[in-house]
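This report refers to the structure that appears directly beneath it.
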Amino acid sequence: MKASTSAALQLHDARPFFDKALAHGVQHGIIDAARLAVMNADAPKGIVQIARYFGSEFLRPELEKARDRMVNLISLYLLETTGGDLHAAAVSLRDHSLLSRSKGGSDMLKRLIALPEHSNFALAGHAGAETPQLAQWSLRSHADYR
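Plus 4 on top of the position in the sequence shown (first one is 1) and you've got the working numbering.
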């Protein structure tokens, strides 16, 4: 049987776009060790803010869900603003904080579901009727957003 290039298998990379962009940035020298250190310091702050906004920052399951939300919000923002261009997304991660990319994703979702513009996750106690919708949408895919 003759091997056909059109029948070749392709690998599907199921990682969030944020993970892909970060790996691309590191592999291609766009994101250096100093920038990674800043990201490693900022990520826990954002995770705690998101966990506090949606529930409690003291429960491990809430922190894990907040991590998923943060990655998803960053991925959503990067996909939407770069059109899926890994290089442009890596540059965005290099030039802007993780918290700003996460807030960008949150703002996009709030516009989608027509919520007020305040999106500071540190404003615990100010969450109203929008919180359940935002909680649901912050875990959805970019395809669902589109």
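Backbone N, C-alpha and C fix where the C-beta goes; we use that ideal spot for every residue, glycine too.
Let me make sure I understand the geometry here. Which of the options has the alpha-carbon closest to that of residue i?
| i | options | result |
| --- | --- | --- |
| Leu-82 | Glu-61, Leu-67, Asp-111 and Arg-64 | Asp-111 |
| Ile-54 | Ser-104, Leu-116, Ala-38 and His-100 | Ser-104 |
| Ala-37 | Tyr-149, Arg-98 and Asp-17 | Arg-98 |
| Pro-136 | Asp-148, Arg-150, Thr-86 and Leu-113 | Leu-113 |
Quick check: what's the CA-CA separation for residue i versus residue j?
| i | j | result |
| --- | --- | --- |
| Ala-94 | Leu-102 | 12 Å |
| Pro-48 | Ala-25 | 19 Å |
| Arg-71 | Val-52 | 9 Å |
According to the Cβ coordinates, are residue i and residue j closer than 8 Å?
| i | j | result |
| --- | --- | --- |
| Leu-77 | Ser-142 | yes |
| Ala-79 | Phe-22 | First, the amino acid is wrong: residue 79 is Ser here, not Ala. In contact: Ser-79 and Phe-22 (Cβ atoms closer than 8 Å). |
Tell me which residue opens and which closes the alpha helix (DSSP H) that residue i is part of.
| i | result |
| --- | --- |
| His-146 | 146-149 |
| His-16 | Where His-16 is concerned, there is no enclosing alpha helix (DSSP H), given that its DSSP letter is neither H nor E. |
| Leu-83 | 64-86 |
| Pro-48 | 37-58 |
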